[in-house]
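2 protein chains.
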Amino acid sequence: MPKTKVVIIGGGFGGMFTARKLRKMWRGGPGIELDIELISKINYFVYQPLLPEVAAGTLNPQDAVTPLRTLLKGVHVRLAEVTGVDLDAKQVVLLQGQKKILQRVDYDHLVIATGQVANLSAFPGFENHSLTMKDLSDAYRLRNHVIECMEMADVTRFPDIKARALTFVVAGGGFSGVETMGEMAEMIARILPQYPNIRRDEIRLLMIQWDPRILPELPEHLSEYALKQLQQRGVEVWLNTGIKSATNQSVCTSDGRSINTRTIVTTIGNGPSEFVKSLPIQLERGRIPVTPQLEVVGLENVWAIGDAALIPLPGDPNKPAYAPPTAQFATSEANTLAHNILNRSQGKSLKAFDHKSSGIMASLGGYRGAAEIYGQRVTGLLAWMIWRMAYIGMLPGWATRIRVALNWMFDYFMPRTIVYMGDTDRPATRYLHYAKGENVQRANEVPAGFYVVVSGSLEQVLQRPDSDPHVNQLLPGDNWGARAMKEERLTHGTITALEDSKLLLVQRQDFKRLSNAFEPLNELLSKRDS
Amino acid sequence: MPKTKVVIIGGGFGGMFTARKLRKMWRGGPGIELDIELISKINYFVYQPLLPEVAAGTLNPQDAVTPLRTLLKGVHVRLAEVTGVDLDAKQVVLLQGQKKILQRVDYDHLVIATGQVANLSAFPGFENHSLTMKDLSDAYRLRNHVIECMEMADVTRFPDIKARALTFVVAGGGFSGVETMGEMAEMIARILPQYPNIRRDEIRLLMIQWDPRILPELPEHLSEYALKQLQQRGVEVWLNTGIKSATNQSVCTSDGRSINTRTIVTTIGNGPSEFVKSLPIQLERGRIPVTPQLEVVGLENVWAIGDAALIPLPGDPNKPAYAPPTAQFATSEANTLAHNILNRSQGKSLKAFDHKSSGIMASLGGYRGAAEIYGQRVTGLLAWMIWRMAYIGMLPGWATRIRVALNWMFDYFMPRTIVYMGDTDRPATRYLHYAKGENVQRANEVPAGFYVVVSGSLEQVLQRPDSDPHVNQLLPGDNWGARAMKEERLTHGTITALEDSKLLLVQRQDFKRLSNAFEPLNELLSKRDS
Chain Z
0 MPKTKVVIIG GGFGGMFTAR KLRKMWRGGP GIELDIELIS KINYFVYQPL LPEVAAGTLN
60 PQDAVTPLRT LLKGVHVRLA EVTGVDLDAK QVVLLQGQKK ILQRVDYDHL VIATGQVANL
120 SAFPGFENHS LTMKDLSDAY RLRNHVIECM EMADVTRFPD IKARALTFVV AGGGFSGVET
180 MGEMAEMIAR ILPQYPNIRR DEIRLLMIQW DPRILPELPE HLSEYALKQL QQRGVEVWLN
240 TGIKSATNQS VCTSDGRSIN TRTIVTTIGN GPSEFVKSLP IQLERGRIPV TPQLEVVGLE
300 NVWAIGDAAL IPLPGDPNKP AYAPPTAQFA TSEANTLAHN ILNRSQGKSL KAFDHKSSGI
360 MASLGGYRGA AEIYGQRVTG LLAWMIWRMA YIGMLPGWAT RIRVALNWMF DYFMPRTIVY
420 MGDTDRPATR YLHYAKGENV QRANEVPAGF YVVVSGSLEQ VLQRPDSDPH VNQLLPGDNW
480 GARAMKEERL THGTITALED SKLLLVQRQD FKRLSNAFEP LNELLSKRDS
Chain U
0 MPKTKVVIIG GGFGGMFTAR KLRKMWRGGP GIELDIELIS KINYFVYQPL LPEVAAGTLN
60 PQDAVTPLRT LLKGVHVRLA EVTGVDLDAK QVVLLQGQKK ILQRVDYDHL VIATGQVANL
120 SAFPGFENHS LTMKDLSDAY RLRNHVIECM EMADVTRFPD IKARALTFVV AGGGFSGVET
180 MGEMAEMIAR ILPQYPNIRR DEIRLLMIQW DPRILPELPE HLSEYALKQL QQRGVEVWLN
240 TGIKSATNQS VCTSDGRSIN TRTIVTTIGN GPSEFVKSLP IQLERGRIPV TPQLEVVGLE
300 NVWAIGDAAL IPLPGDPNKP AYAPPTAQFA TSEANTLAHN ILNRSQGKSL KAFDHKSSGI
360 MASLGGYRGA AEIYGQRVTG LLAWMIWRMA YIGMLPGWAT RIRVALNWMF DYFMPRTIVY
420 MGDTDRPATR YLHYAKGENV QRANEVPAGF YVVVSGSLEQ VLQRPDSDPH VNQLLPGDNW
480 GARAMKEERL THGTITALED SKLLLVQRQD FKRLSNAFEP LNELLSKRDS
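Protein chains in written order, with numbering that gives the first Met the number 0: chain Z, 0 to 529; chain U, 0 to 529.
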């Protein structure tokens, strides 16, 4: 019997559970041979609601996730980056390994379950200066970042640097935003005693929410309860407020307020991934339109579920409703999809997707929660306990359940660790945004690297030891830093943004390597740097 | 009463225990006021013998270390990078925070306990192509790297890439090398069932040891025991063999053998750090010479202990012996030093350092160990249990002890996790070494970035779609990659090293950002790329 090859792209709720269900049903043996392959950029399954706890150090990063291979015995798991689909050849195109070798993988059925990505293009500076909470590395990075801020604030002599390091902003008051802020507030409260030079009243926690209330998915009085809980624990909440732009030193709101901070966590702004945008499919509302049977509209044996798909729910066809982008729905979609793929292979008719939500809940940190379950509203410690029990139950894999439960148990009586694992993941080149009046560089600093102006304008006040002060305007294409690095000296100039400006910074060590190895660049810079 | 300011550089065994002891003795109140500050590049204390277990996934990284602030209540802890000491002004010069702000810190007493760093300059290519086992990030990186190799080997279609990914080499057969190899062998054996396309006999574990035996610090028959244990678990051990050079794809030994591998862990080659070399002190054997009282020779109130110091032991003055660079000795040195600093402050006489080793032991992985304790030789499970108990006892901080013990317990009955946390810490610019005949790039690959030849020579065989094949020789200063990236196409040329060559690679994304922002570079490259 020829094997039917099912290729699933994405290892989240939709993709992982489709593979699991298909594998299980096929072992049940309905008379066809299945070859299932799941392709994912990461080799583990992330339970996103737990990410705020990783960011707060409650859970060890490795303990909060489950390796896909462990969950998917009998399924081929491929760690690779999918770049496109060749619909005519029925092949997935991907880049594999460190050398990014191009490969093509054949399929009979294709499942697209790649989710959505953070899309912050509407908010200048956010892409470069805010942290997101999409995957494990994000959570891990936030944890390190908060500890770095505390370490710096404890020893710095500059009050503005201290204030900036101790101001923590979360943009967005939905589930992810509220849980992130709740956990962050708890973490900071617990580690504070280890920083003798930081007083509680020097720390500022701020949540910015566009809606008139936080957790708008919950009934109004639960939102109010959550708001009070956060406020009692020292969180400022700005309602009816949007974010506008971010710089290396501040965030600006839609009503023109500016906050001095170096920590902005963004939990809003989702959009289709580059891969989904590259597909020859007309997206609707940034999602892939599918039939009620979960097949991509107009394409046979190509399916899409989860956040990447726009899935119609049964009801009034003149006023269509769509499945919400939640884990609960994605899991249910995976079930229907596994059935439909098998039914199609066996020439049976397909089933339309339907699901009723069993409830909705949020953890607020500090042993408090808010939930609505089968219409019942619960708050406080009880809601928090239900949250924890429900989430343990929903975690796939017994080892991960035990690990998470033990992490929770020990967190109760053990100190929260403040191990700082260094500047993880800081790339060699970075775009930096500065608002009018913000200082980019002072004199007598170690040069950070090679700067190029991308847009905007800046003022450079040069005070060389051997000459009078000299004022330059720096415009797009202008650069500085190469000479100071070459001469192994401190900076001479003070540089300030004259308007909102964007710079490219090539870090010191990387630029030095390039200019040492590539002499023409050196010549070019010495010619220009008169 | 004026405060006496003691500044300690380094948070390892020497530095941390000096601070702890000083703080404890001063609380005992001998009539002086102490202000103790410890400056460290990392904010935690690492117990290095546990690093191989972090690399093997037995211990969670955060659980294997203890935050310095937790261990040093009442001591100022500063996370910063010390760049020098101004002996005349009695000030430490350091760089602090993300912006690397220059600061000066006054001292009355200075303690240098910065240890040694890996020095691989004698072995070309090792600095860029081998992993070391000095700190927590190294261990974490190795763990990720091994999982990455397994993931890649499971899916690749190229036999040479598979063989390379499954060959794991450890250079050095001392304690760190043996423990790293033992733990790595155990980890691979345990995770192997999750990789259905990898057979046990495709994995190669190789240890290269310059000495005629491994663990030369132990009595001969314990060395033999350890060797047999490793061999039984599938480790090849090459004795009487040195390392010579490493490339992106291979390691070459002193007797001219070449091994196809992308994993080389180096546990040999220590030397003074840049900071120690920058001191106005004449080093001896790469260490800071101190008096028997631990004061730097010729400098008052400047002290040095641990691996950074050359500490004479009492005995025959014509044939001096020096304290070995072990944790046991460093801890004992810290005790003597704390006494001497207090004695000096109170005008009392100083004590000479002396210590007798209580024993020496190694864990071999797989529940086996080898130890000599107070002259008794122990092997097998018992030695392994003694090793674990002794190390739990030596760990500072009760929370870390509990965490490590629990990690060990759960590792016994839980699966080893294969969560891959991504390419941690891969810098944007990298030096790459290639040996004669090794392939750098094939045609039809996604260009990795911008390459510049630093030394050596390479052959480029260009096969553009619109012309005949064309052979170029690439010499230092020559570059490629910019054009393929600009045109968003795959590579046309095959590039092979004609002799041992060194390249600089600027990664794709970083080079694109720089050439987009900095137009002159673009012009320069289009002019040259005819």
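The beta carbon of each residue, even a glycine, is placed where N, CA and C say it ideally should be. Remember, predicted model here, so these are calculated numbers, not experimental data.
The shortest CA-to-CA distance from Gly114 of chain Z to any of Z:Pro324, Z:Ser356, Z:Trp397 and Z:Ser348 is the one to Z:Pro324. Counting along the chain, the unbroken alpha helix (DSSP H) around Pro158 of chain Z starts and ends at Pro158 to Ala164.
Against chain Z, the CB of Met151 of chain U has a partner CB under 8 Å away; the residue lies at that interface. When DSSP reads this structure, Val53 of chain Z sits in no beta bridge, so it has no partner. Counting only the Cα atoms, Ile41 of chain Z lies some 11 Å from Glu150 of chain U. Per DSSP, the beta-bridge partners of Gln440 of chain Z are Z:Ile494. Residue state for Lys20 of chain U is assigned as helix, using DSSP reduced to three classes.
Within the DSSP secondary-structure output, Glu458 of chain U pairs in a beta bridge with U:Gln472 and U:Thr495. The three-state reading of DSSP puts Asp137 of chain U in helix, counting H, G and I together.
For the stretch 84 to 104 of chain U, the residues whose beta carbon sits under 8 Å from a beta carbon of chain Z are, in order, Leu94, Gln95, Gly96, Gln97, Lys98, Lys99, Ile100, Leu101 and Gln102.
Boundaries of the beta strand (DSSP E) harbouring Ala370 of chain Z: Arg367 to Ile372, taken from the DSSP string. Taken in chain order, the complete beta strand (DSSP E) segments of 3 or more residues contained in the stretch 293 to 318 of chain U are 301 to 303.
Burial of Met15 of chain U is indicated by the presence of at least 16 other C-beta atoms within 10 angstroms of its C-beta. For Glu201 of chain Z, there is no enclosing beta strand (DSSP E), as DSSP gives it neither H nor E. Residue-level contact check: Pro414 of chain Z touches chain U, since one or more beta carbons of chain U fall below 8 Å from its beta carbon. For Arg203 of chain U and Gln506 of chain Z, the gap between their C-alpha atoms comes out near 38 Å. In the DSSP annotation of this structure, the continuous segment of the beta strand (DSSP E) that includes Lys4 of chain Z starts and ends at Lys2 to Ile8. Near chain Z, meaning a CB-to-CB distance below 9 Å, the residues of the stretch 464 to 495 of chain U are Pro475, Gly476, Asn478 and Leu489.
A Cβ-Cβ separation of about 11 Å leaves Leu214 of chain Z out of contact with Gly181 of chain Z under the 8 Å criterion. Per DSSP, Arg507 of chain U has no beta-bridge partner at all.
By the C-beta density criterion, Tyr366 of chain U is exposed, having fewer than 16 other C-beta atoms within 10 angstroms. DSSP, read as helix, strand or coil, puts Asn334 of chain U in helix. In this structure, Z:Leu33 is the residue among Z:Leu49, Z:Gly9, Z:Tyr321 and Z:Leu33 with its C-alpha nearest to the C-alpha of Asn342 of chain Z. Taking a Cβ-Cβ cut-off of 8 Å, the neighbours of Phe517 of chain U in chain Z comprise Val451, Gly476, Asn478 and Leu503, given in sequence order.
Contacts with chain Z at 8 Å (Cβ-Cβ) include Ile417 of chain U. Just measuring C-alpha positions, the residue of U:Arg163, U:Ile263, U:Ile287 and U:Asp159 sitting nearest Ile207 of chain U is U:Ile263. Under a criterion of Cβ atoms nearer than 9 Å, no residue of chain Z is adjacent to Ser129 of chain U; the nearest Cβ is some 16 Å distant. For Phe449 of chain Z, the pairing in a beta bridge is given by DSSP as Z:Val505. At a beta-carbon threshold of 8 Å, none of the residues of chain Z lie near Pro158 of chain U; the nearest stands roughly 14 Å away.
Taking 3 residues as the shortest admissible run, the stretch 71 to 117 of chain Z contains the following complete beta strand (DSSP E) segments, listed from N- to C-terminal end: 75 to 85, 90 to 95, 100 to 105 and 108 to 111.
Approximately 6 Å separates the beta-carbon atoms of Arg376 of chain U and Leu221 of chain U; this is inside 8 Å, confirming the contact.
The residue among Z:Ser362, Z:Tyr411 and Z:Gly346 with its C-alpha nearest the C-alpha of Gln47 of chain Z is Z:Ser362. Our two residues, Glu487 of chain Z and Ala404 of chain Z, have alpha carbons roughly 53 Å apart in a direct line. Shown in chain order are the members of the stretch 39 to 50 of chain Z whose Cβ falls below 8 Å from a Cβ of chain U: Ile41, Asn42 and Tyr43. Rounded to whole angstroms, the gap between the alpha carbons of Gly255 of chain U and Tyr411 of chain U is 41 Å.
Taking the CA atoms as reference points, Leu293 of chain U sits about 7 Å from Ile304 of chain U.
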